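Protein chains in written order, with my numbering: chain A, 3 to 138; chain B, 3 to 138; chain C, 3 to 138; chain D, 3 to 138; chain E, 3 to 138; chain F, 3 to 138. Here the structure is laid out as structure tokens; the discussion comes afterwards.
Number of protein chains: 6
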Amino acid sequence: MNIQPAKPTNDPSEQERYKHGLEVLGAIDGDAGQKVVDSLADISPDLAHHVVAWGFGDIYARPGLAPRDRQLVTLGMLTALGGCEPQLKVHIKAALNVGLSQEQIIEALLHSAVYCGFPRALNATFVAKEVFAEQD
Amino acid sequence: MNIQPAKPTNDPSEQERYKHGLEVLGAIDGDAGQKVVDSLADISPDLAHHVVAWGFGDIYARPGLAPRDRQLVTLGMLTALGGCEPQLKVHIKAALNVGLSQEQIIEALLHSAVYCGFPRALNATFVAKEVFAEQD
Amino acid sequence: MNIQPAKPTNDPSEQERYKHGLEVLGAIDGDAGQKVVDSLADISPDLAHHVVAWGFGDIYARPGLAPRDRQLVTLGMLTALGGCEPQLKVHIKAALNVGLSQEQIIEALLHSAVYCGFPRALNATFVAKEVFAEQD
Amino acid sequence: MNIQPAKPTNDPSEQERYKHGLEVLGAIDGDAGQKVVDSLADISPDLAHHVVAWGFGDIYARPGLAPRDRQLVTLGMLTALGGCEPQLKVHIKAALNVGLSQEQIIEALLHSAVYCGFPRALNATFVAKEVFAEQD
Amino acid sequence: MNIQPAKPTNDPSEQERYKHGLEVLGAIDGDAGQKVVDSLADISPDLAHHVVAWGFGDIYARPGLAPRDRQLVTLGMLTALGGCEPQLKVHIKAALNVGLSQEQIIEALLHSAVYCGFPRALNATFVAKEVFAEQD
Amino acid sequence: MNIQPAKPTNDPSEQERYKHGLEVLGAIDGDAGQKVVDSLADISPDLAHHVVAWGFGDIYARPGLAPRDRQLVTLGMLTALGGCEPQLKVHIKAALNVGLSQEQIIEALLHSAVYCGFPRALNATFVAKEVFAEQD
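Here it is, written out as structure tokens:
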């Protein structure tokens, strides 16, 4: 392609996007999000950049849907996808951070059985069990 | 198994569960849900029974999560699963019924790209386009 | 919604449904099913209720398909879904309980490679290896 | 790789494997399987070769599990995978061919709701509706 | 959250990102990508923005992997996901644009059967058949 | 079925196919593939036979697509499927064996986020981290 390559992630404009995303990530996911970013540092810092700059800075921070509502959609997706236990762990914590109660989270996962079947609902509920045990 | 078989769906107690579920279905999904039930009448009326009696009567009607919040979780799941365009159609209508705006639904589907990728988000958004066009 | 909420799971009619489901669960899954129910007791007893009362009492106990045949369908689904290793473990035991041989289970999982590909078939086969080792 | 490439599909030994697979395909899927093979002729005859020679000749024809039981596993997988409506159509016909009744097939798909959720069960049931209508 | 919302997509810096992304999209997907963008104009222009600005401008345009190699990964993903026939159509065209031959694409889809099973491989191959027919 | 059963895997012609497949497996996957075969020896040697004879001998060894290109497709599929971490481990090693660099693999997994979302991309990247750590 005879066109401009993507800006490197250390470009000042990208660093600004990243910095903004980190603030959003911290506000929603707290420590758990930062740990994911840290664990990518030596293998794919650019994946961390895009999770933060795009996923959080560009999308989560959009005003059209409240963070609490975004977490409900996210819990539904992660439960349905399957195999996303590490991400469910982060996002069940995030759901608590943005104002969902333990009871609402458990109810959302029970609700998911209607659409995804019991195995996905069970796997997600056992992740919640683990998260709540760490919190209490 | 030397144990009691499931009650037939025409057992009075099952008919009562079904009747309750139909009220919930009507309140949430409106006509769209009833059409699904009708289209099952000659092929699997018992599947219709369980969608209605269990899915709506037993689960949707639980007080622990608002119908609006259940739809957010449901939109997330149906988008993530893929291949659920007919169900997305029903549940995007339901989402409007229970108080989500067109803008919030579109925003939820944009949000889904972060977790499911663009193809799933695009397919769901085109279903919303179809639903909104029919409504307007 | 101005309609009746779902009956609480401690309602006598729900307790009766649950009791019936537990008998079915015991006959099919044996101890393994009960352990899943127990592990939900402190996080989502209502999910356990619905797995038991609906999944087993209402569906598994229907006379239209033999328990052995239901397990074949179930092994196919759990293999195809992926990420359901804990449920596969329970249902491979259940398959043995209801009359499928170790050889038939292994053959069903080999067969699955044609439709799901080798990775899903391999993951399910390694779960069977674990289950059979515990049994012998 | 300094190793022997795969035999071309027109090698006599491959033609023999293919011929055997075609007999198995015909016995199980009848016309429906042949139509899939025909529709691949001008785009990927080698995919058709491997569906027939391996999928049917090598796997379906194994004696360890009855054709009827293989179809139960297959219906479970195709329902769970989602987006496999064309293949479900072929295999619901095949299920009838190898001795499952319409009632057993519908029951298997109702059963699937417990593990895959209602959307997958509904989509598969509507395929069965279409197949049965063509048969009657 | 007491933090800066995401910049609106009509912010000059976002418009610049979008413009760059459009060039990349045009170079890879040609007309097909533009049609997707156009079809989003009245339902979710912001989803189009992010497909273009992030998906193409930020990711596809990265120098670390050739466009041809990205299409091989993409064909694998879209085949495995299932239910992505519209996206496969766009990306099979894109694969031809960036230098893969019809034969290589068909071979990649045959290869996919080993990992995803035949149904996914067949569905993707029939999309290729449609695309190639339009091209010839 | 009144037709010839599949040849047993110890038939000389099947043993020849297997031997050829083992050479291909060794050339592509090295030790990692052999370990999978070994771990199947006591539970499903016939699954091992078909992975080797068909997956590697018949498909990987086809001349129409370079081993390196097959690995790109495979990485895309395994990332998209989810729950295939053990297979990703084998195939990330294989990707290195057939000439992809660590940087290209990491870039392919970052690219996958556009189509599968971040959770799948993250899970695959953490498998790569593990594989690279073992190699260095």
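Note that CB positions come from ideal geometry on N, CA and C, so glycine has one too. These numbers were taken from a predicted model, which means no experiment stands behind them.
Any C-beta of chain D under 9 Å from that of residue i
i        : result
C/Ser46  : no
F/Ser103 : no
Reference residue i, options the options, closest by Cα
i        : options                                   : result
D/His52  : D/Gly32, D/Asn12, D/Gly78 and D/Pro65     : D/Asn12
F/Lys37  : C/Val133, C/Phe134, C/Glu136 and C/Leu124 : C/Leu124
B/Lys131 : E/Asp44, E/Phe58, E/Pro7 and E/Asp138     : E/Asp44
C/Ala115 : C/Ser41, C/Glu25 and C/Thr127             : C/Thr127
B/Glu87  : B/Tyr117, B/Ser46 and B/Val129            : B/Val129
B/Arg64  : C/Pro7, C/Val39 and C/Arg122              : C/Pro7
F/Gly119 : F/Glu25, F/Gly66, F/Phe58 and F/Leu83     : F/Leu83
E/Thr81  : E/Glu16, E/Ala68, E/His113 and E/Ile5     : E/His113
E/Glu105 : F/Pro121, F/Arg122 and F/Ala68            : F/Ala68
B/Val133 : B/Val54, B/Gln17 and B/Ser103             : B/Ser103
B/Gln89  : B/Asp31, B/Glu18 and B/Glu16              : B/Asp31
D/Ile5   : F/Glu18, F/Ala29, F/Gln17 and F/Pro14     : F/Ala29
D/Glu18  : D/Gln137, D/Trp56 and D/Pro47             : D/Trp56
D/Pro2   : B/Val39, B/Pro14 and B/Asp138             : Absent from the structure is residue 2 of chain D, since the part of chain D shown begins at 3 and ends at 138.
F/Gly66  : D/Gly66, D/Phe58 and D/Ser46              : D/Ser46
Short CB-CB distance (under 9 Å) between residue i and chain C
i        : result
B/Tyr62  : yes
B/Lys161 : Chain B is shown only over 3 to 138; residue 161 of chain B falls outside these bounds and no answer can be derived.
Proximal residues of chain A, C-beta to C-beta of residue i below 8 Å
i       : result
B/Leu67 : Gln106, Glu109, Ala110 and His113
Cβ pair residue i, residue j closer than 9 Å
i        : j        : result
C/Lys21  : B/Asp60  : no
D/Leu49  : E/Ile108 : yes
C/Tyr117 : D/Met79  : yes
D/Lys91  : D/Ala34  : yes
D/Leu77  : D/Val54  : no
D/Gly101 : B/Gly85  : no
C/Ser2   : B/Ser15  : Within the shown structure, residues of chain C are numbered from 3 to 138, placing residue 2 of chain C beyond reach of any answer.
Contacts of residue i in chain H (Cβ-Cβ under 8 Å)
i      : result
F/Gln6 : The displayed structure is made up of protein chains A, B, C, D, E and F, and chain H is not among them.
Beta-carbon neighbours of residue i, restricted to chain A and to distances below 7 Å
i        : result
D/Val116 : Gly119 and Phe120
Cutoff 9 Å: residue i Cβ touching any chain F Cβ
i        : result
E/Asp31  : no
A/Val38  : yes
E/Asp138 : no
C-beta neighbour in chain E for residue i, strict 9 Å
i        : result
D/Gly74  : According to the sequence displayed, residue 74 of chain D carries Leu and not Gly. Not an interface residue.
B/Lys131 : yes
A/Lys9   : yes
Residues that residue i contacts on chain E, provided the C-beta gap is smaller than 8 Å
i       : result
F/Leu77 : Val75 and Gly78
Contacts that residue i makes with chain C (C-beta to C-beta distance below 7 Å)
i       : result
D/Gly57 : Val116
Cutoff 9 Å: residue i Cβ touching any chain B Cβ
i       : result
C/His52 : yes
Under 9 Å from the C-beta of residue i: neighbouring residues of chain E
i       : result
F/Thr1  : This structure does not reach residue 1 of chain F, given that chain F is present from 3 up to 138, and the question cannot be answered.
D/Leu49 : Ile108, Leu111, Leu112, Ala115, Phe120, Ala123, Leu124 and Thr127
Partners in chain C for residue i, counting only beta-carbon separations shorter than 9 Å
i       : result
F/Gly85 : Leu83, Gly84, Gly85, Cys86, Glu87, Pro121, Arg122 and Asn125
Residue i CB to nearest heavy atom of the ligand COA below 8 Å
i        : result
E/Arg122 : Judged by which ligands are present, the structure shown has none, so any question about the ligand COA falls away.
Beta-carbon neighbours of residue i, restricted to chain A and to distances below 9 Å
i       : result
C/Leu42 : Leu124, Thr127, Phe128 and Lys131
Any C-beta of chain A under 9 Å from that of residue i
i       : result
B/Asp13 : no
Hey, is the region 88-96 of chain E in contact with the region 97-105 of chain B, meaning 3+ C-beta pairs nearer than 8 Å?
no
Check whether the region 64-76 of chain F and the region 109-116 of chain E are in contact - that is, three or more C-beta pairs closer than 8 Å.
yes
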